[in-house]
Amino acid sequence: AETQYHEFNIQAKPVKRLCRTHNTITVNGQFPGPTLAVRDGDTLVIRAINNAQYNITLHWHGVRQLRNPWADGPAYVTQCPIQPGQSYTYHFTIQNQEGTLWWHAHHQFLRATVYGALIIYPKFGTPYPFPMPKREIPILLGEWWDRNPQDVLKLALFTGAAMNLSNAYTINGQPGDLYRCSNKETVIFPVEAGEAILLRIINSAMNQELFFGVANHKLTVVSVDSAYTKPFTTSVIMIGPGQTTNALLTADQPPARYYIAAEPYNSANVAFDNTTTTAILEYKSAPCSSKKGKNSSTPIFPQLPGFNDTATATAFTAQLRSPHKVDVPTQIDENLFFTVGLGLINCSNPNSPRCQGPNGTRFAASINNQSFVLPTRNSIMQAYYQGQPGIFTTDFPPVPPVKFDYTGNVSRGLWQPVKGTKVYKLKFGSTVQIVLQDTSIISVEDHPMHLHGYEFYVVGSGFGNFDPSKDTSKFNLIDPPKRNTIGTSPGGWVAIRFVANNPGAWLFHCHIDSHLTWGLATSFLVQNGVGELQSVQPPPVDLPRC
Ligand code: C2O
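Below, the structure is given as structure tokens:
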């Protein structure tokens, strides 16, 4: 195993998209940021130097950070932000993970432009469990706002609502042919006829689940997040924010230019940007492909589902399986039932710019009616480690305070989310099941839920209200997929299981950033076990203080 050293210089740089230039926060001047490529077992030492004018943190999405919450990154959960002019070194080892992950800023809105790929190859000498591809292509799906990120940030912090309206989706930072002024910069991937290509697809969009496809080419899904799957072939992939998918493609079509495209899957059908981002798969032998100039033949466009095609989205996710029988916990110590969804809070001053909900209310989101508020005086992990009281409480409810028909015609006034910083304590080694139930208060939608510090098994999902007497017996306890981010079905539920064997404070949240801003989060606090190997490591000396 090796150790890689990197410097991430966080700085504002002018970035031009859609004909206009905006001063954008970047890493080392790059947008998207640098790709990290390591092998399982390698150690990364990344010095983050904040030369921007905002507080910031970095998060290594999907890396388990065993006993090492200090390197996880969510602001005010595991660390205080890195202030302008300061630096912090993230030091962590990849342990038994392979696949595609990514990294992103984890403070306020900054992940909109501060993100990049984190590719994990197998240990040296270990082959992929599929034929070796000739070429690998990372595909970062993202969003772009045609205004100053500062303004988006302000709007986002105030209302959360403006964040839903990006001006373009992007592939590796570029909107592509179908957007104004973007044609020249469209990303082109040259390929040789006949070769096998591994696409490493990452959804780093802020608020949008996406359908993805490549014209005339079949995709064979081989892994999601950082675990392999039983291979299956599809023409369309649905990918939620935070999720990654590796898929093999064989360049077996007549030599030509083919669009790689992504467009929204919008389970809620509220205001959003319904446009398509494209890149081009260009066969090197395509007729009239010239070495100098750009090939001008119009690429072939893929067929993607309609933006509200929940049947296709659900069918895609339902096909995912682990390649072999896996070790799913069967005796459950902690049986949690979490409602996830939106809500409205009454405003004392309905004219405040924060109160953009109907009738002068304010949008909120909650788990079990608890709308999560980050602390400001310290991070949860630091406060816990130092025994500092008053930063959080441990009374997060394991079940909703009120039982109702969660997916029925529920009145908006049924409950008002209550704000607080409540965490849920877990004993080291306890086996945990969480049923995540979408609610239809305000909107029915898919919430891609992400757990920090862990991978979990997705043992079941369905539409409507979860019914333990019927649904539990249908759980897949043989070969469920292993993930770090999974969506509730819109107007439905999903069940996950894991063993709480990684001590620390671990954020659990909806990866739709507007929902996170509104409070759709909580944190687990996994206690130390017995001895050093079951306990959190001491914090690094340069860990920022609040
Ligand atoms: Cu990818 Cu808490 O984030």
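Start counting at 1 in the sequence shown, then tack on 27, and there's your number in the UniProt record's numbering.
The beta-carbon is built from N, C-alpha and C at its ideal position, and this holds for glycine as well.
Do the CB positions of residue i and residue j come within less than 8 Å of each other?
i          : j    : result
T549       : F423 : yes
R66        : K150 : yes
Y81        : L137 : yes
H538       : P475 : yes
R94        : Q397 : no
D360       : Y292 : no
L308       : I229 : no
Q110       : W97  : no
V521       : V485 : yes
V278       : G203 : Reading off the sequence shown, one finds Ala at residue 278, where the question assumed Val. For A278 and G203, no; Cβs fall outside 8 Å.
S467       : G435 : yes
R74        : T120 : no
Y206       : P350 : no
A28        : I52  : no
F525       : F551 : no
A527       : G456 : yes
T30        : I198 : no
R439       : I418 : no
residue 22 : Y433 : Since the first residue of the chain shown is 28 and the last is 573, residue 22 is not available in this structure.
T271       : I264 : no
R227       : A144 : yes
Q135       : L180 : yes
P444       : I523 : no
E465       : S516 : According to the sequence as given, residue 465 is Asp; it is not Glu. Against a cut-off of 8 Å, the Cβ pair of S516 and D465 comes out as a contact.
D252       : G89  : yes
P258       : F157 : yes
W130       : Y148 : no
Locate the beta strand (DSSP E) running through residue i, then write down its first and last residues.
i    : result
V462 : 458–465
K446 : 445–447
H131 : 126–132
A75  : 70–77
T51  : 47–54
S550 : 548–553
P41  : 30–44
C374 : C374 -> no beta strand (DSSP E), and no H or E assigned at all.
N273 : 271–277
F119 : 114–120
P258 : 254–261
A102 : Counting along the chain, A102 falls outside any beta strand (DSSP E), and DSSP gives it neither H nor E.
L441 : Here L441 belongs to no beta strand (DSSP E), and DSSP marks it neither H nor E.
Y310 : 304–310
Y451 : 450–453
R227 : 223–230
T434 : Per DSSP, T434 belongs to no beta strand (DSSP E) and is neither H nor E.
E290 : 284–292
P564 : Here residue 564 is Gln; the residue named in the question, Pro, does not match the sequence. Taken as a continuous stretch (DSSP letters only), Q564 belongs to no beta strand (DSSP E), as it is neither H nor E.
T512 : 512–514
R348 : Looking at the DSSP string, R348 is not in any beta strand (DSSP E), and its letter there is neither H nor E.
Quick one: does the C-beta of residue i sit closer than 7 Å to a heavy atom of the ligand C2O?
i    : result
P59  : no
P108 : no
G203 : no
T356 : Looking at the sequence itself, residue 356 is Pro, so the reference to Thr does not match. The answer is no for P356.
In the DSSP assignment, the alpha helix (DSSP H) including residue i goes from what residue to what residue?
i    : result
V179 : 176–185
I407 : 407–413
P495 : 495–498
A144 : Looking at the DSSP string, A144 is not in any alpha helix (DSSP H); the run it does join, the beta strand (DSSP E), is 142–148.
F343 : 337–345
H542 : 540–544
Since residue i and residue j are thought to touch, with beta carbons under 8 Å apart, how far apart are those beta carbons, to the nearest angstrom?
i    : j    : result
G56  : Q38  : 7 Å
L45  : N194 : 6 Å
H244 : L276 : 5 Å
K311 : V218 : 7 Å
E290 : F238 : 6 Å
I327 : Y285 : 5 Å
G514 : G240 : G514 to G240, Cβ: 19 Å. No contact.
G480 : G558 : The Cβ separation is near 19 Å, so there is no contact.
T420 : K452 : About 10 Å; that fails the 8 Å criterion.
G269 : T62  : So it is not a contact: roughly 18 Å between Cβ atoms.
Chain C beta carbons: is any one of them nearer than 8 Å to that of residue i?
i   : result
W97 : In the displayed structure, chain C is absent; only one protein chain is listed.
Using a threshold of 7 Å, is the CB atom of residue i nearer than that to any non-hydrogen atom of the ligand ZN?
i   : result
G89 : As presented, the structure is devoid of the ligand ZN, carrying the ligand C2O as its sole ligands.
Quiz: which residues have CB nearer than 7 Å to the ligand C2O non-hydrogen atoms: H86, H88, P101, H131, H133, G269, H477, H479, L534, H536, H538
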